[in-house]
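*Asks:*
Protein chains in written order, with our numbering: chain P, 13 to 498; chain E, 10 to 1035.
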């Protein structure tokens, strides 16, 4: 597609006058366009912004004025066990060692276990926490302290029982790569609130992510809506720092040279895309300063650092949570933190202890911190994995596995806080074995519809026309879970 | 009024979430509504019906409301249940449809408010006018075969026009009524750079450009074009575009995303394009090359097109489920590439807009669903002969092995002979005679088992995570003491077998979980098992322990025969029938590929080593009857097992390890007639909901497959490129047009259906489509035709008039300026620096990228940066990892290979600026460029600046541009004078610079010129084809 098409598509051609063309586009557009944009869909937004306020990364009001303005999605990749953390099932202990009746299992296919595997009791002790008296595993002490601020959904279910497709499904509403992710839809719908940082950021603190880049892909949406990775090693954003040996002044002079020559070319060939390029370079220059400023945690108080348990100089989940709060403060719209590693096919006890130690404090601190700063109302925090884990034990002497659990799509738990979600409630119920949802089931598409709802969108109307069809996050289903909304 | 109609309608189309308001342009392209005869059905009416009505009153009978169908005239004018015809031709006031669309009653109005697809006033009026004029329906333009009309005569014609393309474009421009003239021709430097980038993907050198600019011959341009079309880089440039459609990548995708080898397919595409293989053949070979009579190796490699689908290797997946998704991808991709239709929309239900029933989707799938997916060796002659040479050396060394028996020489040989004699004697005394059992029947849960003439059994077809084989034998020796399972290699198997593991586990392995047998209906008990080789601790005993979690496997023994013997508790006497069952169960599919079962009546000690059947057979003969060859076989075998020769044998294995492995590639192989795969209609498109079976067939909107084509994949491929397919020519030339003009004549190149855009130049599109076929499906001829048109050769300058009148340049009054594709951004910089490796083809390479790119990749990602010229290969050779694409390409909108891409996005972002400014590889390129120019310069700054400029942008610089560069250079130089460490850092860098001169140059000026070169490579013009 021609760049120019993208630009003019957004313009009212009656306003694309000769005068505009020379005055705005030919001269000084770059700086004007800088107000309020990032990632530079300037071909569709910045240049057009001058004459038309509907540019793609321009901050937009959502049609229904949702409570949430930003989202932090803590993606517990690998799938934590609902049965050992959030959904207490004493019956599991009672029936430990016995197989589950086939009538319950039905035709479910498993990744590793046979469906006649025996029941495994909860691996951790559960305790009542908060004013709500919600039962939570004792290995989540920090979460226990914020339980009155969150909505615990014990009735999540999904269609997918393998990691990559299930992660992609939770992010994009489809199990195969190629559809836009939640973050991309949100930025597509709401635009960016900052010109200094990307609108959609992705961090990762665990092991490698099963779903890969498809998890934050913009799919058929324009590529500017793709999540931008913040890295743990080297530059937080790829190539955001100057090459070795290039001083700040040299960089400035280079940018000036590029701008001078680009501007000259713009005057000759008249292609507004060049103005966009000039603006992109200006923003790149600003990013060079704003990224380190964001990453520098020295301005954070000691008590804040302690609350998160974050070492300012060492990448960790806790540090990523703190960075996420800073990003929200600076106008980043959607933040994904992946913590992959919950895939406890063996030694669930050890695995979950380790992952809880890595994530519990940071997750809870994030909610507390947002709350104390008055940001929680406008920020939706989401915590959870791509599916649950089987009530049955996984053990396999040849693979060296014991006391683990396999993948379980029929039921799992997630929690959300802030952004117009009711605090201190538990929603939905599973059966006595935690196998099936028996009350208020929340399908992945329902969750997605609800997230879009709190951001002010009707999930059926936030669509994008591609290949003759209006695509949407929730595909052809999804229902907003109204009882959990304030 | 008509203007409003168009605006409203197009504003209804959401693009990038915004409303399209380019009224003037649309009017210009679509023409005005003719006053007589009412609205044009195809152009004005069907898009409204499609957008607002067909979802509930269209082709999908499952979703159809009130049994009312509006996409077919007969039903639209027929009486409905309510007794009122929706449309009474010529009588809008009696037409229920018209009444409903004008109704304000929420219960009656159409579309209903809940549909959220309200009609605008002008759309209502168009429908009313259309009904008034008789409500004529016309076939969808794209479903009618294209006809060539003679190029129109245009008033300004001869002055501008160079070929018929120009006549069509001019005619459209003139009839638009807009004050637009074609642009003047581009200057020759711009033209040279444009046509070089477009045809071969590389900029010309300044000398090449000068030669063209100064060539006074009237056909200078045409000769340049011919040279470019003859360049081997032409194939590389156009292969990349095809690979976008083919969703090429070097990894399997999904979680594990392991490496696959399919680059021979990429090489095939490059070669085919360079040879200007006619597009019909190009198509047939890629879709069904394996089915061509006397299919060549190349024909088979070509079928890699549909092997570029992803393969999920995540632990515990259902392989059949992901094979289904791959097939879904194949159907959708075929629809996009050859039909320009969103066939994929009919996976879950009948297409909501186009006349493609749900069932048609699966009929089309059936063509593509009957292939086995194989990996084949590419017998590269040099490698094959090297392998043969090593094999010969090893064979010779094996004969020599006995002579190396300690202490060597004559004495060693004598000792060996003595030991051998002893061994032969003792083994002969307990030799076993094996009788190969002739299987009466062999069947399996899912795989297909074929009994071969030598009584071995070969498995093929699908497999699951738990498959059971059953072999029935009805003719048995009188006494049986043990059964023997020989697992055999075969070329048809992954890694040549003997197993069939093809994902997740070690390829070519198997997992024999359980081995059970029954004799005349009663179970047989085994007291022990032995094997010639095992990868698992328990060996073959794991198959008779009653525990399906343990199994016998042979990893690291792929490509060879192995054996297991299963010793009976009690001998069988005079048994009539024997049934052997094998269970292969693991968390990945793990069946056996080729095997044979034998029986013996001898005494089998459980500690006896399992020998090759051949050796056993010789030993069972009386010694004196053994031929010298048989004796030699025994001796070779003994030499291969005696511990005394361990050391010399290690040398042989080391030598064998030197054997080069042959490259492999992924292909299709049509299944044998006795094992064709059934295709089902899947309810809601779900894998787990197969319903009735379907027979293969082309989409019914095109009628049925012509009788002269076989009803299989080959026939389907032939039909796709048959003149009776109205779409293939249009879709293909539209894609070529899009490549040169940034957008197709049909903007939605992936959708020529009801929801797609109408062509801006319908007659030109059809003329080109017919011409394409007439000229023998030659893509090269099509490219030549386009680039030699005056339309293509126009300047790309954007004027206020053209912006005001035709902002999207639909009328082509100028050439487009288009940002280079991701690969070309890097290729052209490398070419400018003189660093680019011109090697064509071969395996993928790993150019430098920041180490942190691999962060977050599942299981890590090894990115061992290529050294030497491979560091600087063209972008299409860069290793393409689906879950973690090469960062720079991703930043510049490169594809991930996860789906068929008919049109790349073009973005313009700060991340791109950061890459070009700061990425180490671009600093390295800038340094290479500066060093190369500097070492060849006379030292004058203006001259150096000029050369650098021309290397990056080709055209000669303007004096002000030179001045800007020289001033910048002086500044930079001054800085580095006071900061020599900075200069040193830039000059030395971490990476190698090709230019040998780099070391000889003073670091300060080199560093400063490097910054100049870097600045130039960052210019918009440097990454734009003007």
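Even for Gly, the Cβ is constructed at its ideal location relative to N, Cα and C.
So residue 236 of chain P and residue 95 of chain P are supposed to be a Cβ contact under 8 Å. How far apart are they, rounded?
*Replies:* No, residue 236 of chain P and residue 95 of chain P are not in contact; Cβ-Cβ is about 41 Å, not under 8 Å.
*Asks:* Check whether the Cβ atoms of residue 143 of chain P and residue 160 of chain P sit closer than 7 Å, and answer yes or no.
*Replies:* Taking 7 Å as the Cβ cut-off, residue 143 of chain P and residue 160 of chain P qualify as a contacting pair.
*Asks:* Going by DSSP, name the residue or residues bridged to residue 168 of chain P.
*Replies:* In DSSP, residue 168 of chain P forms a bridge with P:424 and P:454.
*Asks:* Can you tell me where the alpha helix (DSSP H) holding residue 681 of chain E begins and where it ends?
*Replies:* Premise fails: residue 681 of chain E is in no alpha helix (DSSP H) and is neither H nor E.
*Asks:* Where are the alpha helix (DSSP H) runs, 4 residues long or more, that stay fully inside the stretch 259-323 of chain E, in chain order?
*Replies:* Counting whole runs of 4 or more residues, the stretch 259-323 of chain E contains the alpha helix (DSSP H) stretches 272-283, 288-297 and 306-311.
*Asks:* Identify the residues that DSSP records as bridge partners of residue 528 of chain E: which are they?
*Replies:* Its beta-bridge partners are E:531 and E:587.
*Asks:* Using the beta-carbon count (16 or more within 10 Å), is residue 585 of chain E buried or exposed?
*Replies:* By the 10 Å Cβ count, residue 585 of chain E comes out exposed.
*Asks:* Can you pull out the residues from the stretch 324-348 of chain P whose beta carbon lies closer than 9 Å to at least one beta carbon of chain E?
*Replies:* Correct list: empty, as no residue qualifies.
*Asks:* Rounded to a whole number of angstroms, what is the C-alpha to C-alpha distance between residue 7 of chain E and residue 496 of chain P?
*Replies:* Beyond the ends of chain E as shown, which are 10 and 1035, falls residue 7 of chain E; an answer cannot be given.
*Asks:* Which same chain residues, not among the five before or five after residue 106 of chain E, have their C-beta less than 8 Å away from its C-beta?
*Replies:* If we look at residue 106 of chain E and ignore the five residues flanking it on each side, its Cβ neighbours are 79, 85, 95, 96, 119, 136 and 140.
*Asks:* Chain P beta carbons: is any one of them nearer than 7 Å to that of residue 1030 of chain E?
*Replies:* Judged by the 7 Å Cβ criterion, residue 1030 of chain E is in contact with chain P.
*Asks:* Taking the CB atoms as reference points, tell me whether residue 8 of chain E and residue 92 of chain E lie closer together than 7 Å.
*Replies:* Residue 8 of chain E lies beyond the range of chain E shown here (10 to 1035); nothing can be said about it.
*Asks:* Tell me, which residues are paired with residue 482 of chain P by DSSP?
*Replies:* The partner list for residue 482 of chain P (beta bridge, DSSP) reads P:477.
*Asks:* Check whether the Cβ atoms of residue 923 of chain E and residue 297 of chain P lie closer than 7 Å to each other.
*Replies:* No; because the gap between Cβ atoms is not below 7 Å, this pair is not in contact.
*Asks:* In terms of DSSP beta bridges, what is residue 701 of chain E paired with?
*Replies:* Residue 701 of chain E pairs with nothing; no bridge assigned.
*Asks:* Alpha carbon to alpha carbon, how far is residue 770 of chain E from residue 780 of chain E? Give it in angstroms, no decimals.
*Replies:* Cα to Cα, the separation comes out at about 15 Å.
*Asks:* I'd like the span of the alpha helix (DSSP H) that includes residue 350 of chain P, first residue to last.
*Replies:* From DSSP, residue 350 of chain P is part of no alpha helix (DSSP H) but of the beta strand (DSSP E) over 346-350.
*Asks:* Please compile the residues from chain E whose C-beta is within a distance smaller than 9 Å of the C-beta of residue 261 of chain P.
*Replies:* Neighbours of residue 261 of chain P on chain E, chain order: 980 and 984.
*Asks:* Cβ of residue 564 of chain E within 7 Å of Cβ of residue 544 of chain E?
*Replies:* In this structure, residue 544 of chain E lies closer than 7 Å to residue 564 of chain E by Cβ.
*Asks:* By Cβ distance, which residues of its chain are closer than 6 Å to residue 710 of chain E, with the 5 residues on each side in sequence left out?
*Replies:* So the qualifying residues of the chain are 364.
*Asks:* On the CB-based measure, 16 or more other CB atoms within 10 Å of its CB, does residue 348 of chain P come out buried or exposed?
*Replies:* The residue in question, residue 348 of chain P, is buried, as its Cβ has 16 or more Cβ neighbours within 10 Å.
*Asks:* Find the residues of chain E that neighbour residue 273 of chain P, judging by a C-beta separation of less than 7 Å, and give them in chain order.
*Replies:* The answer, in chain order, is 970, 973 and 1028.
*Asks:* Mind listing which residues of the stretch 343-371 of chain E have their C-beta closer than 7 Å to chain P's C-betas, in chain order?
*Replies:* Within the stretch 343-371 of chain E, the residues whose Cβ lies closer than 7 Å to some Cβ of chain P are 351, 354 and 362, listed in chain order.
*Asks:* Is residue 492 of chain P helix, strand or coil by DSSP?
*Replies:* In the structure shown, residue 492 of chain P sits in coil (DSSP, three-state: anything other than H, G, I, E or B).
*Asks:* Mapping DSSP to helix, strand and coil, what is residue 256 of chain E?
*Replies:* Three-state DSSP puts residue 256 of chain E in coil, outside helix and strand.
*Asks:* So, is residue 582 of chain E buried or exposed, given that buried needs 16 or more other C-beta atoms within 10 angstroms?
*Replies:* When all chains shown are included, residue 582 of chain E counts as exposed.
*Asks:* Determine, for residue 124 of chain P, whether the minimum Cβ-Cβ distance to residues of chain B falls below 7 Å.
*Replies:* Of the protein chains in this structure, namely P and E, none is chain B.
*Asks:* Give me, in chain order, the residues of the same chain whose beta-carbon lies closer than 6 Å to that of residue 776 of chain E; leave out the 5 immediate sequence neighbours on both sides.
*Replies:* Cβ neighbours of residue 776 of chain E beyond the five flanking positions: 157.
*Asks:* Considering only the alpha carbon of each residue, which of E:62, E:76 and E:186 lies closest to residue 820 of chain E?
*Replies:* Per the Cα distances, E:186.
*Asks:* Quick one: list the residues of chain P neighbouring residue 929 of chain E, beta-carbon separation under 8 Å, in chain order.
*Replies:* Per Cβ cutoff of 8 Å: 255.
*Asks:* Unbroken beta strand (DSSP E) runs of length 3 or more, entirely within the stretch 490-553 of chain E: which are they?
*Replies:* Those beta strand (DSSP E) runs which fall completely within the stretch 490-553 of chain E and span 3+ residues are 523-528 and 535-540.
*Asks:* Rounded to whole angstroms, what is the Cα-Cα separation between residue 34 of chain P and residue 278 of chain P?
*Replies:* For residue 34 of chain P, the pLDDT reaches just 36, beneath the cut-off of 50, and the residue's location in the model is therefore unreliable, although a value from the coordinates is still provided. Answer to the nearest angstrom: the Cα atoms are 10 Å apart.
*Asks:* Which residue wins for smallest C-alpha separation from residue 603 of chain E, given the options E:133, E:557, E:358 and E:506?
*Replies:* When only C-alpha atoms are compared, the closest one is E:506.
*Asks:* With DSSP run on the structure shown, which of helix, strand or coil describes residue 98 of chain P?
*Replies:* Residue 98 of chain P falls in the coil class under three-state DSSP.
*Asks:* Using a C-beta to C-beta distance shorter than 8 Å, which residues of chain E count as neighbours of residue 295 of chain P?
*Replies:* Those are 919 and 922, listed as they occur along chain E.
*Asks:* May I ask which residues mark the beginning and end of the alpha helix (DSSP H) holding residue 85 of chain E?
*Replies:* Residues 82-85.
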